[in-house]
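J.:
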Amino acid sequence: MLKYKGLLLTDWVNDMEKNLLVLHGPNLNLLGKREPEVYGHTTLADINGQIEAFAKEQGLTADFCQSNYEGELIEQIHGADGKYQVIILNAGAFTHYSIAIRDALASVSVPAIEVHLSNIHKREEFRHHSVIAPVVVGQICGFGADSYLLAVMAAKRIIERGA
Ligand code: DQA
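Residue 44 is where the sequence shown starts when you use our numbering, and the numbers rise one by one after that.
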């Protein structure tokens with residue numbers, strides 16, 4: 044059995060092979076029953092399944108995390124450094140005011156893509172501003188669950204470019 048630094052070599056290789064960390068912020072665990080007129084009827088489990096399948100078609104692998112806690116999302120962002128190639132993040136309402144999440148993204152070398160199901164720019168004024176937008180590669184919003192799939196496509200280009 045091949046071991047490196049206490050890890051099975053297979054674990055280590057698997058660890059290195061993960062491309063995408065998909066982070067979902069507060070209230071996104073309630074997708075499907077949360078304001079369906081805004082966010083649709085698709086559950087988070089369905090969305091993750093779609094992302095995983097689409098990423099696989101693109102030759103990419105993904106890990107997923109949803110949290111209602113700002114600190115947990117920050118820990119996940121810190122932990123992504125050196126482990127994932129791209130972060131895909133829907134920070135939910137934290138998008139609009141969490142300087143701490145903004146700073147976490149700015150503190151790591153992993154490029155991030157900001158995602159929203161709804162078009163935040165045509166909703167209430169307080170949703171128009173994203174404090175994380177200046178520290179991500181780009182923002183994709185308004186395409187429902189497809190926003191995430193578009194983000195996977197964008198992530199693939201980022202990885203291919205080696206950015
Ligand atoms: C959201 C938009 C945010 O304004 C909101 O707080 C969310 C979801 C979206 O995916 O459209 O929780 O990020």
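All C-beta atoms, glycine included, are put in the ideal place defined by N, C-alpha and C.
Is there at least one non-hydrogen atom of the ligand DQA closer than 6 Å to the beta-carbon of Leu64?
T.: Relative to the ligand DQA, even the nearest heavy atom lies 6 Å or more away from the CB of Leu64.
J.: Could you check if His67 is buried or exposed, using at least 16 other CB atoms within 10 Å of its CB as the buried criterion?
T.: buried
J.: Taking contact to mean at least 3 C-beta pairs separated by less than 8 Å, is the stretch 179-193 in contact with the stretch 156-164?
T.: Taking 8 Å as the limit for Cβ pairs, the verdict is that the stretch 156-164 does touch the stretch 179-193.
J.: What does a CB cutoff of less than 8 Å around Asn62 pick up in its chain, not counting 5 residues either side in sequence?
T.: Ala98, Leu103, Thr104, Ala105, Tyr127, Gln128, Val129, Ala198, Ile202
J.: Hey, would you say Ala176 sits closer than 7 Å to Ile183, going by beta carbons?
T.: no
J.: Is there contact here, the stretch 77-95 with the stretch 142-158, by at least three beta-carbon pairs under 8 Å?
T.: Flag = no, the stretch 77-95 and the stretch 142-158 do not touch.
J.: Taking the alpha-carbon of Asp124 as reference, which of Gly92, Ala143, Ala155, Lys76 has the nearest alpha-carbon?
T.: Ala155
J.: Rounding to the nearest angstrom, what Cα-Cα distance links Arg77 and Asn133 in this structure?
T.: Their Cα atoms are separated by approximately 15 Å.
J.: For Val180 and Ile94, I'd like the C-alpha separation in whole angstroms.
T.: 19 Å
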